[in-house]
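Start counting the sequence shown at 6; every next residue gets the next number (the working numbering).
Ideal Cβ positions, reconstructed from N, Cα and C, are used throughout, including at glycine.
Below is one structure, written out as structure tokens, with a few remarks after it.
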Amino acid sequence: MATSFNEQFDQHGSWRREFALRLKLLSEWLKDHDLLDSAVEERLRRLEGQMRSDKVMVAFVAEFSRGKSELINAIFFAGYKRRIMPASAGRTTMCPTELGYDAEVPPCLRLLPIESRLQPQPLMEWRGAPEKWTRIDLDVNDPAQLAQAFEKVSEIRRVTIDEARALGFWHDESPEDNPMLSADGTVEVPKWRHALINIAHPLLKQGLV
Numbered sequence: 006m007a008t009s010f011n012e013q014f015d016q017h018g019s020w021r022r023e024f025a026l027r028l029k030l031l032s033e034w035l036k037d038h039d040l041l042d043s044a045v046e047e048r049l050r051r052l053e054g055q056m057r058s059d060k061v062m063v064a065f066v067a068e069f070s071r072g073k074s075e076l077i078n079a080i081f082f083a084g085y086k087r088r089i090m091p092a093s094a095g096r097t098t099m100c101p102t103e104l105g106y107d108a109e110v111p112p113c114l115r116l117l118p119i120e121s122r123l124q125p126q127p128l129m130e131w132r133g134a135p136e137k138w139t140r141i142d143l144d145v146n147d148p149a150q151l152a153q154a155f156e157k158v159s160e161i162r163r164v165t166i167d168e169a170r171a172l173g174f175w176h177d178e179s180p181e182d183n184p185m186l187s188a189d190g191t192v193e194v195p196k197w198r199h200a201l202i203n204i205a206h207p208l209l210k211q212g213l214v
């Protein structure tokens, strides 16, 4: 019988915890026998920490209307017996959406405005500025509230060509890649640059991102 993704990831998590424990025991054994210098001790401690805290990143990448949202619904939200992430014909997820788990943060959806692209800071720096994100608290026991909140990742706004160019969505040198121009001279761009979803799903708690 084929092993499911969840079972394989559980096995991977068990292996990581076992390996971290063996690193700790090795460090203690070396120390008890006066074979452990400070450099080796630090290296073993760092390896143990990585085994316990490292994330496993899985990206769902494809053209629109290829089932990415349905796959996410099947893996992370099947227990709700309904669609939680927006999934319909056409483009439903307008911004990169990241699922993860941080025990120090309550269940929530955080959204970084698209206007942040006008600033030079990379996304990693924006992660450290929570006050710049729009936050929506999530009730994980209310499927309707979750689905309504996640509709935010589908939001768009209309901007002028100059605004689209400044935001990085309009390129004069490659017009075939530009968004469609409407009759009023505006184009459609995502309202949000990035979305972070923090929920306590078993896979996410084990380090999947």
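The beta strand (DSSP E) runs lying completely inside the region 97-185 and spanning 3 residues or more are 102-105, 113-118, 139-142, 161-165, given in chain order. Arg-48 carries a helical assignment under DSSP once its states are collapsed to helix, strand and coil.
Per DSSP, Leu-209 is one residue of the alpha helix (DSSP H) stretching across 207-210. Only residues of its own chain outside the window of five on either side were considered, and among them Asn-78 have a CB closer than 6 Å to the CB of Arg-88, listed in chain order. Inclusion of Ile-166 and Glu-193 in the CB contact set at 8 Å is not warranted, their separation being larger than that value. For Leu-41, no beta strand (DSSP E) run applies, since DSSP gives it neither H nor E. The criterion of a C-beta distance shorter than 8 Å is not satisfied by Val-158 and Trp-131.
Annotation for Ala-79: no beta strand (DSSP E) segment contains it, though the alpha helix (DSSP H) segment containing it runs 73-81. Where Ala-92 is concerned, there is no enclosing beta strand (DSSP E), because DSSP gives it neither an H nor an E.
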